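Structure first, commentary second.
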Amino acid sequence: MLAKRLPTLFILFALLWLLGLLMHNLLRSFAEGLFNFLGAWALWSIAHRSPTLLRRVLIGLALGLLFLGVGDLLYTWGLAGADTDALRQPIYIVGVLLFLSMGTLLPFGMERQGLYPEGFTLRALLLSLLGGGVLTGLSYWIRPLSSVELLYAGAAFYLTLAFVQQAWILAGGRIGRALQGVVWALVLGSLGRIVTVLVVSSSANWSVVIYDVLWISAMGALVWSAYRRWASDS
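Now the structure itself:
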């Protein structure tokens, strides 16, 4: 029953975000934080309809989204005048590390389920690690980054390359289709994080809108996958 409400909540949060975009940045930021919790809810729903081998990884990704959601809400609180940086950064880092670890484990679980060709995962992750390292180095050469920004950039590049390679080869069936939505959501979300890291001025309006659209689209892919999986099981 929880999955049944996801599309309705997504529409309500999207309207709230649009209202914030037109009226007040605080409202926009609050809506963005709510989308993280909605995405975590969708991942949790998909996890409980997935094989045991994948369930723990998907729940780990959901927990990562919860941490990012808490971090975004603290950021919103900071926009209202509160000093939340000391608390917010560690929470973001935990969320990013959860995404890194679970995002790395996910394709191994898929390969064991027969959704990926044998040996694909190791090749894809090694290529992603190499490409992510090179792109992070280029980013640092273009604009010096702090250690935290380097972590965010490296994670975003690595995960984007890893998930783009996976998005095109998932096998069919209900599990494959549902997880393809998860992978595409992770691609969009990682691209959004790249935008936030590489834009010199974090307050640039166009970069904020691009990031929000990519992130909301990622949460929409999770919601659609969870709802479609629920509908097929009903």
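Heads up, the sequence shown is in this note's numbering, so the first residue is 1295 and it goes up one at a time. The beta-carbon is built from N, C-alpha and C at its ideal position, and this holds for glycine as well. Model, not experiment: these values are computed from the prediction.
Asked, Found
"Report yes or no: do the stretch 1298-1316 and the stretch 1353-1360 share at least 3 C-beta pairs separated by less than 8 Å?", "no"
"Considering only C-alpha positions, which residue in the set 1403, 1460, 1447 and 1365 is nearest to residue 1380?", "1365"
"What would DSSP say about residue 1362, mapped onto helix, strand or coil?", "helix"
"Tell me which residues share the same chain as residue 1488 and place their Cβ nearer than 7 Å to its Cβ, disregarding the 5 neighbours each side in the sequence.", "1450, 1451 and 1454"
"Using the three-state DSSP reduction, which class does residue 1438 fall into: helix, strand or coil?", "coil"
"Can you tell me which of 1371, 1300 and 1418 puts its alpha carbon nearest to the alpha carbon of residue 1401?", "1418"
"Could you tell me the alpha carbon to alpha carbon distance between residue 1335 and residue 1437, rounded to whole angstroms?", "36 Å"
"Taking residue 1377 as part of the alpha helix (DSSP H), name the residues at either end of that continuous run.", "Note, residue 1377: premise wrong, no alpha helix (DSSP H); not H, not E."
"Going by C-alpha distance, which of 1321, 1512 and 1391 is nearest residue 1374?", "1321"
"Roughly how many whole angstroms lie between the Cα atoms of residue 1447 and residue 1422?", "13 Å"
"Starting from residue 1326 and walking both ways along the alpha helix (DSSP H), at which residues does that stretch end?", "1319-1341"
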